Amino acid sequence: MVDGGQIASRRQRGKSASLAVLAVLSILSVTFFRLQILSGNHYKLQSEENRFRAISVPAPRGTIYDRRGRIIADNVPGYTISILPGPRDTIVKTLGRLGKDLNLSEVKKDELIVKNRARPHEPLVVLENANFEQVSFVEERRPQFSRVVVEYRPQRRYPAGEAIAHMIGYVGEISDRELENERFSGYKAGRTIGKAGLEAQYEEVLSGDNGVRYVEVNALGLIVRDIDSERGQIAFPGNDLQLGIDLDIQVLADSIFPAGMRGGVVALDPETGEVIVLYSHPTFDPNQFVGGIPTDLWDTLRDDPDKPMLNRVSTASYPPGSTWKLIMASIGMETGNLGIDTYMQHPCRGGLQYGNRFFRCWQGSGHQGLDLSGAIKNSCNVFFYQAGQRIGLDEMMEGVKRLGFGEETGIDLPFEIAGTFPPSREWFDERYGRRGWTESVVWNLAIGQGENQQSLLSMAQFYAALATGEPPIMPHLARLELLDQRFSLWNVGLPTEQRNELIEAMVRVVNEPGGTAFGSRLDRWTLAGKTGTAQNPHGEPHSWFVGFAPAHDPEIVIAAIVEQGHPDGMPSLAPPLAARIVDQYLESIGTTPESNLKEEDLVYTALTGQSPP
Amino acid sequence: MNLTRRISGLGDPLLLGVIILMSGLGIAMIYSAGQVEVRSVATGIWVRQLTWLGVAGIAFVVMSRMSIRFLEWLAPWVYGVSLALLLLVLGIGTGPSGSWIELGPGRLQPVEIAKLGTILMLARIMSGNPQDFAGLSQLWKPVAIVATPFALVLLQPDLGSAIIFGAILIAALFWSGVPLVKIFLLVSPAISLLLGFNWIVWGGWFLIVAMCLYFHRPFIVESLGVILANFAGGVLTVPLWNTLADYQKNRLLVFLNPEVDPRGSGWHLIQSKVAIGSGGLFGQGFAAGPQKRLAFLPEQHTDFIFSVVGEELGFLGALVFFALFGLLLLRVLRIALDSADEFGSTIVFCLFAVMFTHVTLNLGMTVGLLPIAGLPLPLISYGGSFLLLTYAGFGMIQRVASER
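Note that the protein sequences, when read in sequence, are chains D and F. Throughout the first sequence, residue numbering follows the working numbering, covering 59 to 671 in sequence. Throughout the second sequence, residue numbering follows the working numbering, covering 11 to 414 in sequence.
Below, the structure is given as structure tokens:
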């Protein structure tokens, strides 16, 4: 039994225990008061930070149309699969589980891990263009992939693929270096940008503004619902872009370009400067770049000796070969050294001696005596050796420079390169030493060889000027008014009469038997042009053709090159290619056929409605 | 007062009312804990808790029907069986920390039975042979009674239950009139064990113990024993630490600095504080707490159920719960005080101490005042075995109340 004293001391202990209970509850109350009342707003904010996420809503890039409104680039619904930020080993583990079924290569996985190391606090995009099977694979195993997010993101699509590759370029995820670039200020990591071609050139036009939406996420980072927030922004799609390109012709160029060869073709509307065709071969499929190009594919493209990524129209230059003879003729006429019926001192006997060196003509048997028109028709080197000498090095260099051949044409594509031509005698001195060279350089320069490299585009510009008699408008792919600019460059500056004489000579090249492109004449229209066979130290000569049609009312100027496309004794590959494109284009725009008839006959037909007698 | 307390079989009606009210609140909070937008084990378990409540109710009635003397007679048997079960669980235990025994349809946590058995046994020893506790060595029996299950539990290892056994021992000694200094000297080796991480702090502690010994002047052998035990505690700290499970180490470390690993172990504490803090004065509304709803709050139906209370019912709701817990604890304390039976009184006080420890550690843990020990909140947290123990305890308490 409990005695009195014990009861008294127990009362004491009971009091102590009661006090302990009250003390603990008081401490707890104070703590909860501080947490819930004093810091309540802080924790409310933290709770919102916990569960609200700003999610970038990607703006669809603008659609790119050809001249007839056909789609060159548009967007299709796509999905990205990414892993939420978290501990590295979790991400590696998730990646391992995803890898098997999403067909991620080991290389790709390693790349992703490196990427995650660089940006550990951002979602790691594993697949940018996941297909339906991949998305459903993840969605069906939701509990297993709690840290994997599938997001909608519009994907770029190029229906014509390889046919338009070099013109359109490609898109890709913005790189760290680009992020630092002022041009991309305001861009965030992970955003898709134009990397080459028109996609890069018109990034600002096409990209649009990404929107922001606020969502509630759960502890696994999965989006539970959208939140109406004043801070949210809808995405503004990029502006559409219309091109002067004719997609049909572009596809035609792709299909008829000699298989296995390298080269390019460009066609312009000489009146407007619009680019009708811009094609380079070999090509690549820009669709493969959408959502990140697989490393092995990229390596293949990069290491391919044929350089499929190279735009051979505007970022490559070649010795222009005999297509250069029209430039010589033009300068010669302008400087008074040549007329259309000028004969040179030495007729062509298959070559010409200069000092101890024999300069050959392409036709070993010789062209005999030719005037300028005949020399153009037959592409006689001997004539132009002498014409070059008559013009003289100084006037030649000055004329070429005045025409604009050292300049870029200004086409709306990144990385255009200008042609090169010796600018001065000092240039030769520096290169070969004061006595290391002779005036004979003009011989080579006059026939488009030697230190003379031009791009297809600049050649097309000159021929456009020749065709219209006006300084040509800057070539441009996009139909934008601000691009309708006329520079004084490539201004042939000849009286109409003389210009027409040159055009007539070019008509003979194609349409007269014996002309170097006679095989590529058109049935319905007069194609004027000039062939070229550019010597190539690395192999067979390059095949050139530059020209325009219809000769007297030009709708299209074309320049084409097939590298090593004119082996000895074989037909040249560029002229038929160009002719086919011109023919197709003229038909497609409904140009009245000329039927290679004389003008009087056409008038007769027009007046009487009958064919001429 | 005496009239109201003598209603046969019901014991203290106020206590009964509080128990029923809090059980209802518990079911409600477990229901709310299951209202989440992520697949969760907590969804729908309030029904299971309700079933457990029925079973616990039966235990309550059964225990309240057992006379105190019968319990006293039963004490060694319960204690013995519970020790056997603890040994068994070391061998065949299942569950997250290997502390469950599969038992037909349900699972049993022997440690909960062991707590009851230890309390009964301790109360029997302490009340059976009243002593003046002049020497520490006289305390070897109660120490041994607690030390055996304590050691078995530590082997599992179950830190939370080990703490409860400590609390039971201290409570029983305290209630039997053992001077506080003696209790202090007795538990000082355990403190040494904690402070052994830092030799300077431990040295300071050692000095305090030495001062106590000097002024209190127990027998020389006992003094030597205390010193040796403290010394051993300090030395054993690091080796024992290394035997702890990683999650337990983490819990202790995170208590010191939750930001150490905000995505890992610190996550619990940070999210709990955010949930409670964002509740404000009135809370986010019953079942509507976003932290819980979106699964930011871990273990929202068991250890962190009070974070749900804080988030959804606010400061006012928390105060109501504090008041109810205060009422409950003080009422139990009063029954212990009022009991004329030494054995019954000791049982009730020990049960009071167990509940008090649970409430303190659980609530302290949710706001970061105390380390995460993994102790559930009585009557509120989900969990069958603990509910059963709680109700069996209340049954005994009510029996003691009615036998006054």
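Backbone N, C-alpha and C fix where the C-beta goes; we use that ideal spot for every residue, glycine too. These figures come from a predicted structure and were not determined experimentally.
Just curious, the beta strand (DSSP E) that D/F416 is in, first and last residue? Reading the first sequence from its first residue, position 358 is the one you call residue 416 of chain D. Note, D/F416: beta strand (DSSP E), R415 to R418.
Using a 10 Å radius around the Cβ and a threshold of 16 neighbouring Cβ atoms, would you call D/R235 buried or exposed? Walking along the first sequence from the start, residue 235 of chain D turns up at place 177. Burial call: exposed.
Interface partners of F/E47 on chain D, CB under 7 Å: Your numbering for residue 47 of chain F matches position 37 in the second sequence. Ordered by position in chain D, the residues that pass the 7 Å Cβ test against F/E47 are N276 and V282.
Is F/A328 close to chain D? Criterion is C-beta to C-beta, closer than 8 Å. On the second sequence, position 318 is the one that residue 328 of chain F refers to. Yes - at least one Cβ of chain D is within 8 Å of the one on F/A328.
Taking only the alpha-carbon atoms, compute the straight-line gap between D/L644 and D/A247 and give it to the nearest angstrom. Stepping through the first sequence from its first residue, residue 644 of chain D is reached at position 586. Stepping through the first sequence from its first residue, residue 247 of chain D is reached at position 189. Each residue's alpha carbon lies about 46 Å from the other.
CB contact check: D/S140 to chain F, cutoff 8 Å: Sequence index remark: in the first sequence, residue 140 of chain D carries index 82 (1-based). Closer than 8 Å: no.
Same chain, Cβ closer than 7 Å to F/L164, neighbours up to 5 away in sequence not counted: Along the second sequence, read from residue 1 onward, the residue named residue 164 of chain F stands at position 154. Closer than 7 Å at Cβ, skipping near neighbours: A172.
I want to verify the contact list: residues of chain F whose CB lies under 9 Å from the CB of D/Y101, in sequence order. Taking the first sequence and counting its residues from 1, the one referred to as residue 101 of chain D is at position 43. K283, V284, A285, I286, G287, S288, G289 and G290, listed in chain order.
With D/P481 and D/G457 assumed to form a contact (beta carbons below 8 Å), what rounded beta-carbon distance in angstroms separates them? For the purposes of this step, residue 481 of chain D is identified with residue 423 of the first sequence, where counting begins at 1. For the purposes of this step, residue 457 of chain D is identified with residue 399 of the first sequence, where counting begins at 1. Not a contact, Cβ separation roughly 12 Å.
With 16 other CB atoms within 10 Å as the buried threshold, where does F/I382 fall? Locating residue 382 of chain F in the second sequence gives position 372, where the first residue counts as 1. That one is buried.
Grab the span of the beta strand (DSSP E) containing D/Y337 for me, first residue to last. Against the first sequence, residue 337 of chain D aligns to sequence position 279. Note, D/Y337: beta strand (DSSP E), V333 to H339.
Are there 16 or more other CB atoms within 10 angstroms of the CB of D/T574, so buried, or fewer, so exposed? Within the first sequence, numbered from 1, the residue matching residue 574 of chain D stands at position 516. Residue environment analysis places D/T574 among the buried positions, since at least 16 neighbouring C-beta atoms fall within 10 angstroms of its C-beta.
Exposed or buried, F/I407, counting other C-beta atoms within 10 Å across all chains shown (16 or more means buried)? Along the second sequence, one-based indexing puts residue 407 of chain F at 397. Buried, by the Cβ-count rule.
Tell me which same chain residues have a C-beta within less than 7 Å of the C-beta of D/V183, skipping the five on either side of it? By one-based count along the first sequence, residue 183 of chain D stands at place 125. Within the same chain, D/V183 has close Cβ partners T138, S140 and G248.
Going by the beta-carbon positions, is the gap between D/G572 and D/K383 smaller than 8 Å? Residue 572 of chain D sits at position 514 when you count from the first residue of the first sequence. Residue 383 of chain D sits at position 325 when you count from the first residue of the first sequence. Contact flag unset, no.
Helix, strand or coil: which one does DSSP assign to D/E528? Position 470 of the first sequence, counting from 1, holds the residue named residue 528 of chain D. It is coil, neither helix nor strand.
Out of F/I55, F/A297, F/A305 and F/F296, state which residue places its alpha-carbon closest to the alpha-carbon of F/Q281. Position 271 of the second sequence, counted from the first residue, corresponds to residue 281 of chain F. Distances from the CA of F/Q281 to each of F/I55, F/A297, F/A305 and F/F296 were compared; the closest alpha carbon is that of F/A305.
When the Cα atoms are used, what is the spatial distance from D/R205 to D/Y101? Here residue 205 of chain D is taken as the residue at index 147 of the first sequence, counted from 1. Here residue 101 of chain D is taken as the residue at index 43 of the first sequence, counted from 1. Rounded to whole angstroms, D/R205 to D/Y101 spans 25 Å at the Cα level.
Cutoff 8 Å: F/T370 Cβ touching any chain D Cβ: Working through the second sequence from its first residue, we reach residue 370 of chain F at position 360. Yes - at least one Cβ of chain D is within 8 Å of the one on F/T370.
Using the C-alpha atoms, what's the distance from D/N268 back to D/S114? If you number the first sequence from 1, residue 114 of chain D lands on position 56. If you number the first sequence from 1, residue 268 of chain D lands on position 210. D/S114 and D/N268: Cα-Cα distance of roughly 6 Å.
Which residues DSSP lists as bridging D/N99, in chain order: In the first sequence, residue 99 of chain D corresponds to position 41, counting from 1. None; D/N99 has no bridge partner.
Answer yes or no: do F/F314 and F/H368 have a C-beta to C-beta separation smaller than 8 Å? The sequence position of residue 314 of chain F within the second sequence is 304, counting from 1. The sequence position of residue 368 of chain F within the second sequence is 358, counting from 1. No.
Using alpha carbons as the reference points, say which of F/R409, F/R344 and F/L373 lies closest to D/L77. Reading the first sequence from its first residue, position 19 is the one you call residue 77 of chain D. Nearest option by C-alpha distance: F/R344.
Inter-stretch contact (C-beta, 8 Å, three-pair minimum) for the region 426 to 446 of chain D and the region 521 to 534 of chain D: The answer is no - the region 521 to 534 of chain D does not touch the region 426 to 446 of chain D, with fewer than three Cβ pairs under 8 Å.
Buried or exposed (CB count within 10 angstroms, at least 16 for buried), D/D641: Walking along the first sequence from the start, residue 641 of chain D turns up at place 583. Buried is the call here.
If you draw a straight line from the alpha carbon of F/S438 to that of F/V48, how long is it in whole angstroms? An answer regarding residue 438 of chain F cannot be provided, because it is not within the stretch 11 to 414 covered by chain F.
Is D/V60 close to chain F, meaning its C-beta is less than 8 Å from at least one C-beta of that chain? As a first step, residue 60 of chain D must be located in the first sequence, where it is residue number 2. Because D/V60 sits at a pLDDT of 45, beneath the cut-off of 50, its placement in the model cannot be relied upon, and the following sentence gives the value as read from the coordinates. Taking a beta-carbon distance threshold of 8 Å, D/V60 counts as an interface residue toward chain F.
Three-state secondary structure (DSSP) at D/R492? Indexing the first sequence from 1 puts residue 492 of chain D at position 434. Three-state result, D/R492: coil.
Taking C-alpha atoms, which residue in F/I40, F/I135, F/F292 and F/L84 lies nearest to F/T356? Locating residue 356 of chain F in the second sequence gives position 346, counting from the first residue. Selected option, being the one with the closest Cα: F/I135.
When F/S202, F/L326 and F/G394 are compared against D/Q94, the one with the closest alpha-carbon: By one-based count along the first sequence, residue 94 of chain D stands at place 36. Looking at the Cα atoms, F/L326 is the closest of the given residues.
Give, in chain order, every residue of the region 79 to 96 of chain D whose Cβ lies closer than 8 Å to some Cβ of chain F. V79, L80, V82, L83, I85, L86, S87, T89, F90, F91, L93, Q94 and I95
In this structure, does DSSP put D/D109 in helix, strand or coil? Residue mapping note: residue 109 of chain D aligns to position 51 of the first sequence, counting from 1. Before going further, note that residue 109 of chain D is Arg rather than Asp in the sequence given. It is helical.
Pull the bridge partners of D/L368 from the DSSP assignment, please. The count along the first sequence starts at 1 and reaches residue 368 of chain D at position 310. For D/L368, which the question treats as bridged, DSSP gives no partner whatsoever.
My guess is that F/S349 and F/V342 are in contact by the Cβ rule of under 8 Å, so how many angstroms apart are they, rounded? In the second sequence, the residue the question calls residue 349 of chain F occupies position 339. In the second sequence, the residue the question calls residue 342 of chain F occupies position 332. Not confirmed; about 11 Å, so no contact.
For D/W602, the residue or residues it bridges with in DSSP: One-based indexing of the first sequence puts residue 602 of chain D at position 544. Looking at the DSSP assignment, D/W602 forms a beta bridge with D/G590 and D/I619.
Endpoints, the alpha helix (DSSP H) within which D/R638 is located: Taking the first sequence and counting its residues from 1, the one referred to as residue 638 of chain D is at position 580. Its alpha helix (DSSP H) spans residues A632 to S646.
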